[in-house]
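Novice: Can you keep this structure in mind? I'll have questions shortly.
2 protein chains.
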Amino acid sequence: MSVAQAKIVIVDDHPLIIQGLTAMLQEHSQFVITASFTRGLEFMSYLREHAVDVVILDISLPDCNGMDICKEIKALAPQTRVIALTNHNERSLIMQMLQNGANGYLLKNASSEELLAGILQVLNGQLSFSKAIEEIITQPTVYERDPLPKLTRRELEVLKLIAAGETSLVIADQLCVSPLTIETHRRNLLQKFRVRNVAELIKISYQLGLLA
Amino acid sequence: MSVAQAKIVIVDDHPLIIQGLTAMLQEHSQFVITASFTRGLEFMSYLREHAVDVVILDISLPDCNGMDICKEIKALAPQTRVIALTNHNERSLIMQMLQNGANGYLLKNASSEELLAGILQVLNGQLSFSKAIEEIITQPTVYERDPLPKLTRRELEVLKLIAAGETSLVIADQLCVSPLTIETHRRNLLQKFRVRNVAELIKISYQLGLLA
DNA sequence: TGAGAAATACCAGAAAACCAGTAGAAATAA
DNA sequence: TTATTTCTACTGGTTTTCTGGTATTTCTCA
């Protein structure tokens, strides 16, 4: 990895971002971009055939979620370094990515120096974070929120209907269950997210990227 | 504008996007990128001193809102074409930008061909939209939602506290007014957004970028 | 300076959400 | 095949929001 060029792959659904990264990395001969993808699944099948040193990975992809992709990458090719590149700066998301084995977490509004330094760091076996991310991590955080709650299929379904403005009664009707059941799901949602009412629930769900 | 190079300026808080656009446009000699900014206000003072043919403008900027910037550009330099470049695809946002005089509306996940074609179109005096945007516009819209409601300062303040999960009583306390007043603001918010309850309110506010 | 917008405030009743506790059936994982 | 989780459903009571009115004072800007 020290003499040869480092093989880098970009996975991002924004062609502009790919182009920007490519332009940036081209100027540095120690890197070579061997491929880029706008879909996570296409990348995964590529990874099965090719060696990759660093993956620069968008968390929010159209066809699948970057978090899971990260985990799969680490299962399939543990030596491949993963750098998350995203706009999301929710603490729980970051922690989850680290949990899943990410080597770095950079924000899309990072400067090219930051990006470059980040890639070099993970190649060196170190972790790498945007300044803003570092602050969020080290922050003892009054805002401490535990690892992104795992919702059941039904709960997610109910959550979306709540966000759509439907009342428990209507939701019950739509899902063909008792309104009391919906009330229970509702309560469990509030509990899992540790919030006090739907307003907060919807806000957090958005911040965590569970909705839209 | 036909013989000379078209002067293009990019305003986007993501260096990567700027780099991507720059790389893309460099290959075409009919364009020249004369400047790029990560802040709207800096750009505005630049515009007072320099001629610009096309501004590629991110709607969500750190220091100010791209919507207003668009209006100001059109007031200051009506011959300058404005292309909105953003991730938001809410109908009301698009309409608002058009209202404010934008010449084009492209999505950040657009392909380079789409971007290039878009710039050429607005230079020709035509309007230009991403395919997805065109669909949203022409859609007879079951989803019709009128121009992004204008909130008063107080309403926005209340909205944020609602999103934070505070009850009317607590909000009233915090703002040192009667709970009944908050109820009124609340009602006006629901009315302005044409929604039925806070869940929907918060969802839409997020989609419109009013929160976080 | 005068009109319209914004912020304030009230009443009263209906609807919906929230809280606490319990529990059986069904699906899924160990 | 247990064990655990998920989905379902209930009782009963409290709090909060939502609806539909009305109305005064203070800004704001044309």
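Order-wise, the sequence lines are chains A and B. The first sequence begins at 1388 in my numbering and counts up by one. The second sequence begins at 1388 in my numbering and counts up by one. In this text, a Cβ means the ideal position worked out from N, Cα and C, and glycines have one as well. On a predicted model such as this, the values are computed, not experimentally measured, just so you know.
1. For Thr1539/B, is the classification buried or exposed, using 16 other Cβ atoms within 10 angstroms of its Cβ as the cut-off for buried?
2. If you draw a straight line from the alpha carbon of Gly1407/A to that of Leu1408/B, how long is it in whole angstroms?
3. Closest Cβ-Cβ distance between Glu1531/B and chain A: below 9 Å?
4. Mind checking which residues open and close the alpha helix (DSSP H) that includes Lys1458/B?
5. For Ala1586/B, count neighbouring Cβ atoms within 10 angstroms of its own Cβ and tell me buried if that reaches 16, exposed if not.
6. Please confirm whether Tyr1593/B has its beta-carbon closer than 9 Å to some beta-carbon of chain A.
7. Please state whether DSSP places Ser1498/A in a helix, a strand or coil.
8. Taking all protein chains shown into account, decide if Ala1471/B is buried (16 or more other Cβ within 10 angstroms of its Cβ) or exposed.
9. Using alpha carbons as the reference points, say which of Leu1463/B, Leu1546/B, Ser1447/B lies closest to Ile1578/B.
10. Just reading off the alpha helix (DSSP H) that Ile1520/A is part of, what are its end residues?
11. Just verifying my parser: in three-state terms, what is the DSSP assignment at Gly1407/A?
12. How is the alpha helix (DSSP H) around Ser1423/B delimited, first residue to last?
13. Report the three-state DSSP secondary structure of Thr1473/B (helix, strand or coil).
14. Note down, in chain order, all residues in the region 1400 to 1422 of chain B with a beta-carbon under 8 Å from any beta-carbon belonging to chain A.
15. Ile1589/B CB to nearest chain A CB: under 9 Å?
16. Among the candidates Leu1502/B, His1437/B, Met1484/B, Leu1448/B, whose CA atom is the shortest distance from the CA of Ala1464/B?
17. Can you tell me which of the three DSSP states Gly1505/B falls into?
18. Would you give the residue range spanned by the alpha helix (DSSP H) that Ile1591/A belongs to?
19. Establish whether the CB of Ala1497/B and some CB of chain A are separated by less than 9 Å.
20. With a CB to CB cut of under 7 Å and the five nearest residues on each side skipped, what residues in its chain are close to His1475/B?
21. Are at least three pairs of beta-carbons, each pair with one atom in the region 1541 to 1558 of chain B and one in the region 1569 to 1578 of chain B, less than 8 Å apart?
22. Starting from Gly1552/B, find everything on chain A with Cβ-Cβ shorter than 7 Å and list it in chain order.
23. Expressed to the nearest angstrom, what Euclidean distance is found between the alpha-carbon atoms of Tyr1433/A and Gln1392/B?
24. Please decide whether Thr1425/B counts as near chain A, where near means a Cβ-Cβ distance under 9 Å.
25. Which residue marks the beginning of the beta strand (DSSP E) containing Val1441/B, and which one marks its end?
26. Measuring alpha carbon to alpha carbon, tell me which residue in Glu1544/B, Ile1395/B, His1401/B is nearest Glu1501/A.
27. With respect to the alpha helix (DSSP H) encompassing Val1396/B, which residues constitute its N-terminal and C-terminal limits?
28. Give me the chain B residues within the contact set of Ala1599/A, using Cβ-Cβ distance strictly less than 7 Å, ordered along the chain.
29. What are the residues of the region 1536 to 1568 of chain B that lie near chain A, defined by any Cβ-Cβ distance shorter than 7 Å?
Specialist: For this structure:
1. Classification for Thr1539/B: exposed.
2. 7 Å
3. Here Glu1531/B scores only 48 on pLDDT, less than 50, and its place in the model is too uncertain to base an answer on.
4. Unbroken alpha helix (DSSP H) run through Lys1458/B: 1453 to 1463.
5. buried
6. Judged by the 9 Å Cβ criterion, Tyr1593/B is in contact with chain A.
7. coil
8. buried
9. With the sequence shown as reference, residue 1578/B is identified as Gln, and Ile is not the correct amino acid for it. Taking only the C-alpha atoms, the option nearest Gln1578/B is Leu1546/B.
10. 1518 to 1525
11. In the structure shown, Gly1407/A sits in a helix (DSSP, three-state: H, G or I).
12. Run containing Ser1423/B: none in the alpha helix (DSSP H); it sits in the beta strand (DSSP E), 1418 to 1424.
13. Strand, per DSSP.
14. Asp1400, His1401, Pro1402, Leu1403, Ile1404, Ile1405, Gln1406, Gly1407, Leu1408, Thr1409, Ala1410, Met1411
15. yes
16. For the residues Leu1502/B, His1437/B, Met1484/B, Leu1448/B, the minimum Cα distance to Ala1464/B belongs to His1437/B.
17. In the structure shown, Gly1505/B sits in a helix (DSSP, three-state: H, G or I).
18. 1585 to 1594 is the span of the alpha helix (DSSP H), which, as asked, contains Ile1591/A.
19. yes
20. Ile1446, Gly1596
21. yes
22. Val1582, Arg1583, Asn1584, Ala1586, Glu1587
23. 41 Å
24. Judged by the 9 Å Cβ criterion, Thr1425/B is in contact with chain A.
25. That run of the beta strand (DSSP E) goes 1441 to 1444.
26. His1401/B
27. Val1396/B -> not in any alpha helix (DSSP H); beta strand (DSSP E) instead, spanning 1393 to 1398.
28. Those within 7 Å of Ala1599/A in chain B are Gln1594.
29. Ile1549, Ala1550, Ala1551, Gly1552
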